[in-house]
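All remarks here apply to the structure that follows.
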Amino acid sequence: MEKEQLTFIDDAVREWLATLDDIIPQLIQDMVTGTKQNRFDLVTNVDKSIQDKFELFLNKHFPEHQLLAEEKSNDEVHAKKGHVWVMDPIDGTTNLVKQQEDYCIILGYFVDGEPVLSYIYDYPHSKLYKAVKGFGAYVNGEPLKQPENIELKDAIISFNSLVMNDETMHDLHDASFSYRFIGSCGLDSIRVINGQFGAHINTNPKPWDIAAQFLFARELGLKMTSLNNQPVDFSKGGNFIISNRACHEQILQILNSGQGYEK
Ligand code: IPD
Ligand code: CA
Ligand code: CA
1 MEKEQLTFID DAVREWLATL DDIIPQLIQD MVTGTKQNRF DLVTNVDKSI
51 QDKFELFLNK HFPEHQLLAE EKSNDEVHAK KGHVWVMDPI DGTTNLVKQQ
101 EDYCIILGYF VDGEPVLSYI YDYPHSKLYK AVKGFGAYVN GEPLKQPENI
151 ELKDAIISFN SLVMNDETMH DLHDASFSYR FIGSCGLDSI RVINGQFGAH
201 INTNPKPWDI AAQFLFAREL GLKMTSLNNQ PVDFSKGGNF IISNRACHEQ
251 ILQILNSGQG YEK
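If you read the sequence shown in full-length UniProt numbering, its first letter stands for residue 1, the second for the next number, and so on.
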């Protein structure tokens, strides 16, 4: 894609993201929470409105672009053909509902299956993370540096302990420096992107949980693979790790030894 066209799309999407600053406070004030599969699987008017607004934006400005997103049916979407946006309108909905902090908006733009633009908007902290294919990664317009190497013994690692095999979890605790879990796949990944965490593991993410991470990993020299060290298919999701390159191999070894990582 021509740089000019990429800049045009990037400008338009950042302008759209900026409109959320005026909308989200009111949506939160009027928050209505519902459940999906079970009582812990939450969705709110905030998630739905943000996604609806982005869909309207695409229809108006880029009508040929498709949208693959959490709060809609995606039966008609051909994820690897043409221009596709993958969106999690709110990643960390439990955090939004329970603490009004530690949630984000995830957007990944793919052209014929290749990641081209990525955004993770940490709205509560007014930080917009962006990656552009071939041009690096940024936070609020400032370039992000490639994280320093972090060995596992010095690394904070992040995963959902509720869905991790107990023995393997203890092995990970023993081998690493410490454990933290924010509860937003996008923001846990941002800690790795910023060089704060060594790795974030999710044993069952959906396409929208990881849509943006591909390009950040590529632009910043991080590893992003399945837990069997295979490429991750953005259109399907499946287990994944985003990791500092110095601790990736050792973490995968631990995850795949003993009883494995499945609960
Ligand atoms: C969830 C969060 C959570 C992760 C789950 C996701 P949601 O997304 O990212 O940290 O462990 O796998 O489904 O439901 O808040 O958009
Ligand atoms: Ca999510
Ligand atoms: Ca979500």
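C-beta: ideal position from N, C-alpha, C; glycine also.
Contact belief for residue i with residue j at Cβ below 8 Å, rounded distance in angstroms
{"i": "Gln250", "j": "Leu152", "result": "5 Å"}
{"i": "His200", "j": "Ser189", "result": "5 Å"}
{"i": "Asp209", "j": "Asp88", "result": "6 Å"}
{"i": "Asn229", "j": "Leu252", "result": "6 Å"}
{"i": "residue 266", "j": "Ile242", "result": "This structure does not reach residue 266, given that the chain is present from 1 up to 263, and the question cannot be answered."}
{"i": "Leu227", "j": "Tyr179", "result": "Not really, about 17 Å apart at Cβ, beyond 8 Å."}
Residues near residue i by beta carbon distance below 8 Å, same chain, minus five either side
{"i": "Gly195", "result": "Lys145, Pro147, Glu148, Ile150 and Asn244"}
{"i": "Leu58", "result": "His65, Leu67 and Trp85"}
{"i": "Val77", "result": "Gln66, Leu67, Leu68 and Val84"}
{"i": "Gln100", "result": "Ile28 and Pro124"}
Residue closest to residue i, alpha-carbon to alpha-carbon, out of the options
{"i": "Glu2", "options": "Lys133, Ser158 and Ser226", "result": "Lys133"}
{"i": "Lys36", "options": "Thr44, Gly186 and Ile120", "result": "Thr44"}
{"i": "Asp11", "options": "Ser118, Lys98 and Ser257", "result": "Ser118"}
{"i": "Ile28", "options": "Glu71, Ala131 and Pro124", "result": "Pro124"}
{"i": "Asp102", "options": "Gly108, Thr93, Tyr109 and Met169", "result": "Thr93"}
{"i": "Lys60", "options": "Gly34, Gly82, Val13 and Phe40", "result": "Val13"}
{"i": "Pro63", "options": "Asp47, Ile9, Val116 and Leu17", "result": "Ile9"}
{"i": "Gly108", "options": "Ala211, Val232, Thr225 and Ile242", "result": "Ala211"}
{"i": "Ser73", "options": "Leu96, Lys80 and Lys48", "result": "Lys48"}
{"i": "Arg39", "options": "Thr7, Arg191 and Val97", "result": "Val97"}
{"i": "Arg191", "options": "Leu255, Leu222 and Gly141", "result": "Leu222"}
{"i": "Gly113", "options": "Ile254, Leu128 and Asp233", "result": "Asp233"}
{"i": "Tyr129", "options": "His170, Ala217, Asp22 and Gln259", "result": "Ala217"}
{"i": "Asp75", "options": "Ser235, Glu15, Leu255 and Ile106", "result": "Ser235"}
{"i": "Asn204", "options": "Glu15, Phe181, Asn239 and Gln99", "result": "Asn239"}
{"i": "Lys81", "options": "Ile106, Phe110, Asn95 and Leu20", "result": "Phe110"}
{"i": "Gly258", "options": "Leu172, Pro115 and Asp21", "result": "Leu172"}
{"i": "Pro115", "options": "Gly34, Leu6 and Val77", "result": "Leu6"}
{"i": "Ile254", "options": "Leu20, Ile182 and Asp174", "result": "Asp174"}
{"i": "Ile193", "options": "Ala79, Phe181 and Met224", "result": "Met224"}
Burial state of residue i, where buried means 16 or more other Cβ atoms lie within 10 Å
{"i": "Val84", "result": "buried"}
{"i": "Pro25", "result": "exposed"}
{"i": "Gln51", "result": "buried"}
{"i": "Phe54", "result": "buried"}
{"i": "Thr168", "result": "buried"}
{"i": "Asn202", "result": "buried"}
{"i": "Ser176", "result": "buried"}
{"i": "Leu56", "result": "exposed"}
{"i": "Pro231", "result": "exposed"}
{"i": "Glu4", "result": "exposed"}
{"i": "Pro143", "result": "exposed"}
{"i": "Ser126", "result": "exposed"}
{"i": "Ser158", "result": "buried"}
{"i": "Asn95", "result": "buried"}
Own chain partners of residue i with C-beta closer than 7 Å, once the 5 adjacent residues on each side are dropped
{"i": "Leu263", "result": "A quick correction: the sequence has Lys, not Leu, at residue 263. So the qualifying residues of the chain are Val163, Met164 and Asn165."}
{"i": "Cys247", "result": "Ile150, Glu151, Leu152, Ala155, Gly198 and Ala199"}
{"i": "Cys104", "result": "Asp91, Gly92, Ile120, Tyr121, Asp122, Tyr123, Ser184, Gly186 and Leu187"}
{"i": "Asn140", "result": "Lys127 and Leu128"}
6 Å CB neighbourhood of residue i in its chain, flanking five on each side removed
{"i": "Lys206", "result": "Gly237"}
{"i": "residue 301", "result": "With the chain running from 1 to 263 in the structure shown, residue 301 is simply not present."}
{"i": "Val32", "result": "Asn45"}
{"i": "Glu219", "result": "Ala131, Gly136 and Ala137"}
{"i": "Glu70", "result": "Asp88 and Trp208"}
{"i": "Gly34", "result": "Val43"}
{"i": "Ile23", "result": "none"}
{"i": "Thr19", "result": "none"}
{"i": "Ile182", "result": "Asp102 and Asp188"}
Heavy atom of ligand 4 within 7 Å of residue i beta-carbon
{"i": "Glu70", "result": "Of the ligands this structure carries, namely ligand 1, ligand 2 and ligand 3, none is ligand 4."}
**Asked** In chain order, what residues place their C-beta within less than 5 Å of a heavy atom belonging to ligand 2?
**Response** Asp88, Asp91 and Asp209
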